[in-house]
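Add 378 to a position in the sequence shown, counting from 1, and you land on the number used in the working numbering.
Glycine residues also receive a C-beta, built at the ideal position from the N, C-alpha and C atoms.
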Amino acid sequence: MVSQKKKLGDILIERGLITEEVLKKALVTQEKTGEKLGEILLKMGLITEEDLYSALSEIYNVPYVNLEEVAIDSEVVRLIPEHISRRYRIIPIKLDGDRIVLAMANPVNIYALDDVRIITGREVEPVLASEKQINQALDRIYTIQKGLEETLLNIAPGEEEETEPPVEVLEDEAPVVRLVNLTITQAVQEGASDIHIEPTENEVKVRFRVDGVLYDVMSPPKKIFPTLVARIKILANMDIAERRLPQDGRFRVVSQGKTVDFRVSTLPTIHGEKIVLRLLDRSAPLIGLEKLGFTEDVLEKFDWLIQRPYGMILVTGPTGSGKTTTLYSALAKINTPEKNIITVEDPVEYQFPRINQVQVNTKIGLTFANGLRSILRQDPDIIMIGEIRDRETAEIAVQSALTGHLVLSTIHTNDSAGAIARLMDMGIEPFLISSSVIGILAQRLARRICPRCKVPKQPTEEEIKVLKLRENDIIYEGKGCEACRHTGYRGRIGIFELLIVDDEIRAMIVDKVPANVIRDTAVKKGMRTLWEDAKLKVKNGITTYNEILRTVYAGGL
Numbered sequence: 379m380v381s382q383k384k385k386l387g388d389i390l391i392e393r394g395l396i397t398e399e400v401l402k403k404a405l406v407t408q409e410k411t412g413e414k415l416g417e418i419l420l421k422m423g424l425i426t427e428e429d430l431y432s433a434l435s436e437i438y439n440v441p442y443v444n445l446e447e448v449a450i451d452s453e454v455v456r457l458i459p460e461h462i463s464r465r466y467r468i469i470p471i472k473l474d475g476d477r478i479v480l481a482m483a484n485p486v487n488i489y490a491l492d493d494v495r496i497i498t499g500r501e502v503e504p505v506l507a508s509e510k511q512i513n514q515a516l517d518r519i520y521t522i523q524k525g526l527e528e529t530l531l532n533i534a535p536g537e538e539e540e541t542e543p544p545v546e547v548l549e550d551e552a553p554v555v556r557l558v559n560l561t562i563t564q565a566v567q568e569g570a571s572d573i574h575i576e577p578t579e580n581e582v583k584v585r586f587r588v589d590g591v592l593y594d595v596m597s598p599p600k601k602i603f604p605t606l607v608a609r610i611k612i613l614a615n616m617d618i619a620e621r622r623l624p625q626d627g628r629f630r631v632v633s634q635g636k637t638v639d640f641r642v643s644t645l646p647t648i649h650g651e652k653i654v655l656r657l658l659d660r661s662a663p664l665i666g667l668e669k670l671g672f673t674e675d676v677l678e679k680f681d682w683l684i685q686r687p688y689g690m691i692l693v694t695g696p697t698g699s700g701k702t703t704t705l706y707s708a709l710a711k712i713n714t715p716e717k718n719i720i721t722v723e724d725p726v727e728y729q730f731p732r733i734n735q736v737q738v739n740t741k742i743g744l745t746f747a748n749g750l751r752s753i754l755r756q757d758p759d760i761i762m763i764g765e766i767r768d769r770e771t772a773e774i775a776v777q778s779a780l781t782g783h784l785v786l787s788t789i790h791t792n793d794s795a796g797a798i799a800r801l802m803d804m805g806i807e808p809f810l811i812s813s814s815v816i817g818i819l820a821q822r823l824a825r826r827i828c829p830r831c832k833v834p835k836q837p838t839e840e841e842i843k844v845l846k847l848r849e850n851d852i853i854y855e856g857k858g859c860e861a862c863r864h865t866g867y868r869g870r871i872g873i874f875e876l877l878i879v880d881d882e883i884r885a886m887i888v889d890k891v892p893a894n895v896i897r898d899t900a901v902k903k904g905m906r907t908l909w910e911d912a913k914l915k916v917k918n919g920i921t922t923y924n925e926i927l928r929t930v931y932a933g934g935l
């Protein structure tokens, strides 16, 4: 099976990935450390994992498989005991007739091949895969299932639903404690933004929100639900005896090397308390403005706005549309030693060096408005307000913008022009709005097409008509792979609408012109609406038509 003619170094040189000189240096390192040559080259950043395994595939004379791009049948995986799979670093991918296709980190391991033949009673077809991807796939398939099975084994058959939270939720080794820990670990691993735990009449649904979309993870039986709720309440420092009123709490964990804050909310329903955990990854690298999805022209205008010495910039959109991320990215861009930047947030989601961040705490009277009053006595240049929720906060924000401060904040409206009407509804005088607001950015988040399974497709008649495509134009979709959980999407992209408040728009605000007229005027001046920006991103192969229909109001359809 193994080719004796070529060595790894020779193949990598032939493919132009490394030079003779680099190979010699790596071999010297190998003599000192005893590491594998491929691992040394990976650490040096000279080749990718794909490069390494593609070359090893030639040496072993077996196909290389990227496990992120194939559908792994979890039932086939369970044909081999987990301890065997982990010992040999193998994972069955699928059944091909009477043969089992086996992904292996070392496809010439005769002992592994023989053991799989004996255990399954089938012939084995080996393929090469990375050890890291094999371990990740095994973790994904076994982790939560294993925790659930252990939990159920420790609950006596026929045990009735408990009316009081059990004492065992306090014990670190209790099965439900392990199940909660495993659920948290899995959510962090998958990049989930929320965990939903929802009781129904006979069972419990656990769902993760990934890239803005919920999907089922598991369905534990109803009898373990009180213990599950009690454990999460204890973590979040909530009252485990109170089940009739909504509660809020929070806790922090370190999982997968990441520091993650969890905001917990309970809501009494007819079948029990529904729990939602919001994940805030404090160790996540901050996304730069350039990577949020702005087109070049809009980025240039927004960059110009945030460099202004004073005025108010509002970012608007529904919950979960990425407003805070945009504000954080803007702050990171303008955070320089000569500026005093202060924020008031609920909660503080990302910690900045050289920025003074205030956490709202309504229990002790530290509201947005009270925090803002204190901030103004701290000689700030730039103020960031997490959200304008009421008239008092809006008034202080407007006054701050009028007295020489740059104010950045968020507000909940459907589009950019709607933010003006919202401020008026809060009781802010039109002449104050026109004098203080310098720009409004509306945004949404759409899922990106998965880059690993992205394929061209012929547009439908509807897509040609709405997107104004030519007959021979091509758009793209994701066919679905392991990397995107077979959704066809991976990651998200911002969709933006930027309204610059110039003299004409200011005059219209003072005259209380309706929001739709202001919007139409801005469009005539060159503003690209959310819908137009969304269509542009479909044409550019970034997202799909169905996705923009889901996330953006198709007012222009």
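Return helix, strand or coil for residue i, following the three-state DSSP convention.
| i | result |
| --- | --- |
| Gly-387 | helix |
| Arg-800 | helix |
| Asn-713 | coil |
| Pro-638 | Residue 638 is actually Val in this sequence, not Pro. In the structure shown, Val-638 sits in a strand (DSSP, three-state: E or B). |
| Val-901 | helix |
| Gly-869 | strand |
| His-461 | helix |
| Glu-538 | Note that Glu-538 scores a pLDDT of 44, beneath 50, so its modelled location is shaky and nothing firm can be said. |
| Asp-517 | helix |
| Asp-889 | coil |
| Val-502 | strand |
| Glu-925 | helix |
| Val-632 | strand |
| Glu-727 | coil |
| Val-654 | strand |
| Val-693 | strand |
Could you tell me the alpha carbon to alpha carbon distance between residue i and residue j, rounded to whole angstroms?
| i | j | result |
| --- | --- | --- |
| Glu-398 | Gly-671 | 41 Å |
| Glu-411 | Pro-485 | Note on identity: in this sequence residue 411 is Thr, with Glu being the wrong assignment. Approximately 24 Å, taken between the alpha carbons. |
| Leu-658 | Phe-640 | 6 Å |
| Val-547 | Met-616 | Summary for Val-547: the model assigns pLDDT 48, below 50, so the residue's position carries little reliability; its value from the coordinates is reported in the next sentence. Distance between the alpha carbons of Val-547 and Met-616: 14 Å. |
| Lys-711 | Phe-730 | 12 Å |
| Phe-809 | Asp-589 | 40 Å |
| Glu-392 | Ala-795 | 59 Å |
| Arg-628 | Asp-724 | 12 Å |
| Ile-806 | Gly-698 | 26 Å |
| Gly-866 | Arg-830 | 9 Å |
| Leu-405 | Tyr-442 | 25 Å |
| Leu-480 | Tyr-466 | 11 Å |
| Gly-869 | Met-762 | 27 Å |
| Arg-767 | Ile-468 | 54 Å |
| Met-482 | Ile-425 | 21 Å |
| Ile-719 | Gln-735 | 9 Å |
| Lys-601 | Ile-462 | 33 Å |
| Glu-538 | Val-607 | With a pLDDT of only 44 at Glu-538, under 50, the local geometry of the prediction cannot be trusted, and no value is derived from it. |
| Val-554 | Arg-500 | 38 Å |
| Pro-604 | Asn-513 | 33 Å |
| Pro-598 | Asn-850 | 50 Å |
| Gly-394 | Arg-732 | 45 Å |
| Leu-664 | Lys-384 | 44 Å |
| Met-802 | Val-776 | 12 Å |
When burial is assigned at 16 or more other CB atoms within 10 Å of the CB, is residue i buried or exposed?
| i | result |
| --- | --- |
| Trp-682 | exposed |
| Gln-625 | buried |
| Pro-758 | buried |
| Lys-915 | buried |
| Gln-821 | buried |
| Lys-701 | buried |
| Thr-694 | buried |
| Gly-635 | exposed |
| Arg-755 | exposed |
| Met-690 | buried |
| Leu-401 | buried |
| Thr-647 | exposed |
| Lys-913 | buried |
| Arg-622 | exposed |
Going by DSSP, what residue range makes up the alpha helix (DSSP H) through residue i?
| i | result |
| --- | --- |
| Thr-605 | 603 to 613 |
| Met-616 | Counting along the chain, Met-616 falls outside any alpha helix (DSSP H), and DSSP gives it neither H nor E. |
| Glu-398 | 398 to 411 |
Under DSSP, the beta strand (DSSP E) around residue i begins and ends at which residues?
| i | result |
| --- | --- |
| Ile-733 | 733 to 737 |
| Val-479 | 477 to 482 |
| Glu-723 | 719 to 723 |
| Arg-825 | 815 to 827 |
| Phe-680 | Segment 674 to 684 is the alpha helix (DSSP H) holding Phe-680; no beta strand (DSSP E) there. |
Measuring CB atoms only, is the segment 409 to 423 touching the segment 440 to 454, in the sense that at least three cross pairs come out at less than 8 Å? no
Decide yes or no for the touch test of the segment 777 to 790 against the segment 868 to 887: beta carbon pairs closer than 8 Å, at least 3 of them. no
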